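Asks:
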Amino acid sequence: MKRMLAIFLLMSLMTVACNKDGTPTDDPTQTTDGTTVDGSEDTTDPTDSTDPDSDTDSDPVTEVPAPISTLPAQALSFSTNVYLYSPTTYQEDKYDEAVALVKKVVGTEAFRKAVLNHTYSGSKQYANNNGLTNAQIYQSILDAAEKLTPSKNNRMDVGVKFYYTNNSVVGYTNGSITYINVNTKYFNGYDINEVAGNLFHEWLHKLGYGHDSTATTRRPYSVPYAVGYMIRNLGKNFL
Ligand SMILES: [Zn+2]
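Numbering (the numbering used here) for the sequence shown: 652 to 890.
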């Protein structure tokens with residue numbers, strides 16, 4: 652009781668002093684620091700703040716949704732409409748898996764970053780980029796407006812025809828058809844992520860992207876090759 656009184660007296664003295672001096676910051680800090688009351692307050696303060704944290708429900712809830720994603724909604728809503736021309740059961744099953752894999756990869760932050768950060772010849776760009784920036788190319792993929800069906804429907808619309816030829820061509824297409832041709836010579840031995848990469852490569856032609864017809868040094872940096880490789884490589888993580 653005596654102690655409390657003494658403290659009370661001290662405190663009231665302090666406030667008076669503050670009011671008089673007109674320097675509220677200096678005097679009280681010095682006086683309270685010297686007293687034992689302040690020391691005990693310091694030790695109780697952390698316990699006071701941690702106790703409500705663990706007790707209340709609101710605090711942990713606000714901490715849970717911490718991961719902030721910059722992934723556009725279109726990356727997650729990206730859909731596929733892939734029509735197979737009279738496939739065998741093997742072809743259908745395998746291709747369905749590849750299409751599902753494409754959807755998964757497009758919906759990742761890793762894919763977005765890979766497309767945006769691609770470099771060619773020392774700068775963030777693609778060879779054969781149709782005059783578009785990396786960001787515009789990424790957006791065109793999400794828009795998915797094929798040249799022959801040019802609505803930005805956020806959906807891969809493409810047909811697939813299987814054929815067999817004993818040569819080095821994995822697949823091909825051209826600007827006047829809505830489908831791609833897939834050589835079963837390679838398709839049959841491919842892993843799902845390789846089929847997905849090839850599908851994406853061919854589909855990027857449908858969006859109007861091209862590349863050199865011969866194996867030039869810049870060809871791997873074209874949109875169909877570079878982004879096709881991204882789908883293939885990132886897709887491997889899902890297998
Ligand atoms: Zn090509």
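For glycine and all other residues, C-beta sits at the position ideal for the given N, C-alpha and C.
Just so you know, these numbers come straight off a predicted model, no measurement behind them.
How is the alpha helix (DSSP H) around glycine 886 delimited, first residue to last?
Replies: Residues 874 to 886.
Asks: Any chance you could list the alpha helix (DSSP H) runs of at least 4 consecutive residues sitting entirely within the stretch 720 to 785, in chain order?
Replies: Runs of the alpha helix (DSSP H) inside the stretch 720 to 785: 724 to 728, 740 to 757, 760 to 767.
Asks: Name all residues in chain order for which at least one heavy atom of ligand 1 lies closer than 6 angstroms to the residue's CB.
Replies: Taken from the N-terminal end onward, the list reads His852, His856, His862, Pro875.
Asks: What are the start and end residues of the beta strand (DSSP E) that includes phenylalanine 851?
Replies: Where phenylalanine 851 is concerned, there is no enclosing beta strand (DSSP E), although the alpha helix (DSSP H) it sits in stretches over 843 to 857.
Asks: Using a 10 Å radius around the Cβ and a threshold of 16 neighbouring Cβ atoms, would you call alanine 786 buried or exposed?
Replies: Alanine 786 is exposed by the Cβ-count criterion.
Asks: With a threshold of 6 angstroms on Cβ separation, who are the neighbours of methionine 655 within its own chain once the five nearest residues in sequence on each side are excluded?
Replies: Residue confidence is low: methionine 655 scores 49 on pLDDT, short of 50, so the model does not pin down where it sits. No coordinate-derived value is stated.
Asks: Quick check: the Cα distance between asparagine 780 and tyrosine 876, rounded to an integer number of angstroms?
Replies: One C-alpha to the other measures close to 12 angstroms.
Asks: Excluding the five sequence neighbours on either side, which residues of its own chain have a C-beta within less than 8 angstroms of the C-beta of glutamine 742, listed in chain order?
Replies: Closer than 8 angstroms at Cβ, skipping near neighbours: Leu735, Phe813, Thr835, Phe838.
Asks: Quick one: what's got a C-beta closer than 8 angstroms to alanine 829's C-beta in the same chain, skipping five residues either side?
Replies: According to the sequence shown, residue 829 is threonine rather than alanine. Excluding positions up to five away in sequence, the list reads Glu797, Leu799, Thr800, Asp808, Val809, Gly810, Lys857.
Asks: Is it a yes or a no for the stretch 753 to 763 touching the stretch 878 to 887, going by three-plus beta-carbon pairs under 8 angstroms?
Replies: Contact between the stretch 753 to 763 and the stretch 878 to 887 is present, because at least three Cβ pairs lie under 8 angstroms.
Asks: Considering only heavy atoms of ligand 2, does any lie closer than 7 angstroms to the CB of leucine 752?
Replies: What this structure holds is ligand 1, not ligand 2.
Asks: Once DSSP output is grouped into helix, strand and coil, what is the label at tyrosine 815?
Replies: In the structure shown, tyrosine 815 sits in coil (DSSP, three-state: anything other than H, G, I, E or B).
Asks: If you check the beta carbons only, do alanine 774 and leucine 783 fall under 8 angstroms apart?
Replies: Correcting the residue identity first, residue 774 is serine in this sequence and not alanine. Contact flag unset, no.
Asks: Using the C-alpha atoms, what's the distance from alanine 726 back to threonine 868?
Replies: Cα to Cα, threonine 868 sits roughly 31 angstroms from alanine 726.
Asks: Note down, in chain order, each residue of its chain lying with its Cβ closer than 7 angstroms to the Cβ of threonine 676, except the 5 sequence neighbours on either side.
Replies: Any reading at threonine 676 needs caution, since the residue's pLDDT is 40, under 50, leaving its predicted position unreliable; the model's value is listed next. If we look at threonine 676 and ignore the five residues flanking it on each side, it has no Cβ neighbours.
Asks: Where does aspartate 863 sit, in a helix, a strand or coil, going by DSSP?
Replies: Coil.
Asks: Going straight from the alpha carbon of leucine 885 to that of valine 750, what length do you get?
Replies: When rounded, the distance between both Cα atoms is 14 angstroms.
Asks: My understanding is that valine 766 touches tyrosine 789, with C-beta atoms under 8 angstroms, so please give their C-beta distance in whole angstroms.
Replies: The Cβ separation is near 4 angstroms, so the contact holds.
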